[in-house]
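Worksheet: one structure, shown below.
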């Protein structure tokens, strides 16, 4: 892990928009599913997952049997995590409001949940039960009544869909689960098929085909932001424990070879100690073959002249995860402009947020924290403006509205007001 | 304007993703501006707008002289509209919050404005001063400190940039205005040039080149949703005045040949009367050549068996604008699930909302009100999650976090917690 001056570091990871072949393949899948429905879904499942799926929907029986295959320790932990996540997201809820005016008018904003949401959950090794909770709970708190989950069918040698995924879904009350993955699952959710009714929004992570399919159906349905490679920045001073810092950097690095783990510090001593700890801890990691390249290619220890300079570096990087392992983290918080989730102090290790504390682990990646937010309840609501104008209000303001319409050359707009004012004149005349 | 049963009507307007040539042209412009900065901007302005622009930034002098070219009636109206719009959007503001836990932990959500926003304002005939207000004010209310406006340079024969646009901008305090339009303006805002510093988000309407450029830079910066053709649905019963209904339908139709104006009514009599009124009023409209094709191709009068059925039709269409010209509009509001802006009663004509009342006129088009919202203050903020975990909290919960990490095969995540628990054991042992 290189130690270098912060000014020399630039994180350059291009977003993957897929190859031309991948884009074409996804387009073809979407068109087929749109036209042929279930028949196309079955065909692609057989082609890509190598299995014939007799029934798309996962039965109650299969969910029950999943419970028999997970241990109690997991079940208890996921239940408590769900309580924490729900409790945090409840605080994000908002109410419709209205504003009554003295002229008898009423203006307002109505907040409603989306009606139906689709949740994509990857299968295989990237099957993360925590991801089910993090995507489903904000939707439920928003008031979404229907959540349809899709996840790839078990491939040969597997004993059905990952039971941890099924139990996590069942624990948050999701019972509508379909055995379908890839671009065909996204297309089915967007356009609907005989078995899978269409949704209003699709959320959840997936491979490049899933990402391209989501991009493509955006507009027909809403989608969440498409996650890029993940990152952590740790801002630490001499008060930090090098072993803690190194462990947290590695916990990010094990996700993905393109993940980025960066330490920013004004302490030369800490820089050297963390460097040594990363080498030591990396060596004994099971996912060393992933974390190693990540640390080598996208990891860095950046030295800065002062904490203030470190904060400027953090704001420039706009990291997905930021840890403040410094003497006075709370006092520094107001200066952090760009970060998805901010972890303060020595005990707030990133996994506390990934699994447990309550805030969402779906966060803006690749510098988009400059303008994007963690997944939250607002992502599952829609607003409508409400305008009730009284007769008095229109009589008072009508002429001025006409003035503005006429200055934009929109005469029919002006006339829509004028026809009402004229009618009043007639009635009074 | 056809009268037809609602069940037979389907609004089918494809979103314009541009031709291959248009996409290629936009890509080339973006790449050039990204690499060459101002030089490319000037080159494209000369090529597409046919003018040499000596200075990109519009001077204070030019803004002052714009004031001399607008009438007082307009100035007074735009000032009052700005007050109304600001007042409505102030109610959308939200605060950061934190949640203190008995175990000494603190969880929270920080809300911050975006730092810098770019506002695209079309030139020529589609220059709408109201659009400046509607896009800029929510950003200002959110707390955005820097708004950079771009608008195409005046072409030969024009006396500088449209003065109404400049005055509208100056009235809301925008002084950073650049004379540049098209894809080159979008690219300059996204990547920055010597003269135009980069922004975090680009908002505002534009032609197909502007729309494609915005789509393309999304990810580098945030963008607002890309507006499709506009629409109104009027749900009316026998209590409605046919002349009012027809005028409101036509005010939508004059926007664009692809705009859609639809009446939904359980009253056969109203249907016939509105049909006659539309023909009568259309005939004397200055923008008849636009409103005519819109009414012919995308307009309809839909008859329904009951008000309840009419509401179902409305929710299916998910219109950008919805007018309820029925006996008891407020009592019907709770049943409206999908609509961008809802206008209640005989005096709430759509132009009241387009210009005046306060709610935003940038609304979800083309059925996206199912999952999208009017432009609002939330579009100009970002959230960060805050997690401060106390020693006590980590000791209490650490084992359960490790359980979840291990069940996902993420050993480095587990170790980041374990290294802290072990340290405590050592210290106590």
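Residue numbers (our numbering), protein chains in the order written: chain A, -18 to 410; chain B, -18 to 410.
We put the beta carbon where it would ideally sit given N, CA and C, even for glycine.
None of these values were measured; they are calculated from a predicted model.
Which whole-angstrom value describes the C-beta separation of residue i and residue j, a residue pair presumed to lie in contact below a C-beta threshold of 8 Å?
{"i": "residue 197(A)", "j": "residue 3(A)", "result": "Not really, about 11 Å apart at Cβ, beyond 8 Å."}
{"i": "residue 255(B)", "j": "residue 226(B)", "result": "5 Å"}
{"i": "residue 85(A)", "j": "residue 374(A)", "result": "6 Å"}
{"i": "residue 186(A)", "j": "residue 112(A)", "result": "6 Å"}
{"i": "residue 37(A)", "j": "residue 362(A)", "result": "Their Cβ separation, rounded to whole angstroms, is 29 Å, which puts residue 37(A) and residue 362(A) out of contact at 8 Å."}
Where do the ends of the alpha helix (DSSP H) carrying residue i lie?
{"i": "residue 377(A)", "result": "372 to 388"}
{"i": "residue 111(A)", "result": "110 to 123"}
{"i": "residue 311(B)", "result": "310 to 313"}
{"i": "residue 34(A)", "result": "Neither: residue 34(A) is in no alpha helix (DSSP H) and is coded neither H nor E."}
{"i": "residue 234(B)", "result": "223 to 234"}
What are the boundary residues of the beta strand (DSSP E) that residue i is part of?
{"i": "residue 8(A)", "result": "Note, residue 8(A): premise wrong, no beta strand (DSSP E); alpha helix (DSSP H) at 1 to 17."}
{"i": "residue 324(B)", "result": "322 to 325"}
{"i": "residue 97(B)", "result": "97 to 101"}
{"i": "residue 412(B)", "result": "Residue 412(B) lies beyond the stretch modelled for chain B, which goes from -18 to 410, so this question has no answer here."}
{"i": "residue 56(A)", "result": "From DSSP, residue 56(A) is part of no beta strand (DSSP E) but of the alpha helix (DSSP H) over 53 to 71."}
{"i": "residue 44(B)", "result": "Not the beta strand (DSSP E): residue 44(B) falls in the alpha helix (DSSP H), residues 41 to 50."}
{"i": "residue 282(B)", "result": "281 to 284"}
{"i": "residue 241(B)", "result": "241 to 246"}
Under 8 Å between C-beta atoms, does residue i make it to chain B?
{"i": "residue 232(A)", "result": "yes"}
{"i": "residue 218(A)", "result": "no"}
{"i": "residue 182(A)", "result": "yes"}
{"i": "residue 384(A)", "result": "yes"}
{"i": "residue 103(A)", "result": "no"}
{"i": "residue 142(A)", "result": "no"}
{"i": "residue 48(A)", "result": "no"}
{"i": "residue 6(A)", "result": "no"}
{"i": "residue 411(A)", "result": "Past the boundaries of the shown model lies residue 411(A); chain A is included only from -18 to 410, so the question cannot be answered."}
{"i": "residue 356(A)", "result": "no"}
{"i": "residue 314(A)", "result": "yes"}
Can you find a C-beta in chain A that's less than 8 Å from the C-beta of residue i?
{"i": "residue 90(B)", "result": "yes"}
{"i": "residue 275(B)", "result": "no"}
{"i": "residue -1(B)", "result": "no"}
{"i": "residue 63(B)", "result": "no"}
{"i": "residue 202(B)", "result": "yes"}
Report the rounded CA-to-CA distance for residue i versus residue j, giving the unit in angstroms.
{"i": "residue 237(A)", "j": "residue 275(A)", "result": "7 Å"}
{"i": "residue 119(A)", "j": "residue 356(A)", "result": "8 Å"}
{"i": "residue 115(B)", "j": "residue 21(B)", "result": "30 Å"}
{"i": "residue 174(B)", "j": "residue 134(B)", "result": "17 Å"}
{"i": "residue 360(B)", "j": "residue 338(B)", "result": "20 Å"}
{"i": "residue 277(A)", "j": "residue 307(A)", "result": "25 Å"}
{"i": "residue 92(B)", "j": "residue 244(A)", "result": "25 Å"}
{"i": "residue 49(B)", "j": "residue 151(B)", "result": "13 Å"}
{"i": "residue 35(A)", "j": "residue 15(A)", "result": "20 Å"}
{"i": "residue 262(A)", "j": "residue 402(B)", "result": "16 Å"}
{"i": "residue 290(B)", "j": "residue 398(A)", "result": "29 Å"}
{"i": "residue 87(A)", "j": "residue 349(A)", "result": "38 Å"}
{"i": "residue 336(A)", "j": "residue 23(A)", "result": "34 Å"}
{"i": "residue 169(A)", "j": "residue 64(A)", "result": "31 Å"}
{"i": "residue 242(A)", "j": "residue 82(A)", "result": "54 Å"}
{"i": "residue -18(B)", "j": "residue 171(A)", "result": "32 Å"}
{"i": "residue 391(A)", "j": "residue 268(B)", "result": "8 Å"}
{"i": "residue 280(B)", "j": "residue 214(B)", "result": "10 Å"}
{"i": "residue 44(A)", "j": "residue 154(A)", "result": "12 Å"}
So what does DSSP say about residue i, is it helix, strand or coil?
{"i": "residue 136(A)", "result": "coil"}
{"i": "residue 153(A)", "result": "coil"}
{"i": "residue -4(B)", "result": "coil"}
{"i": "residue 161(B)", "result": "coil"}
{"i": "residue 405(A)", "result": "helix"}
{"i": "residue 269(B)", "result": "helix"}
{"i": "residue 199(A)", "result": "strand"}
{"i": "residue 349(A)", "result": "helix"}
{"i": "residue 26(B)", "result": "helix"}
{"i": "residue 365(A)", "result": "strand"}
{"i": "residue 302(A)", "result": "strand"}
{"i": "residue 212(B)", "result": "strand"}
{"i": "residue 411(A)", "result": "In the structure displayed, chain A extends from -18 to 410; residue 411(A) sits before or after that span and is not available."}
{"i": "residue 131(A)", "result": "strand"}
{"i": "residue 317(A)", "result": "coil"}
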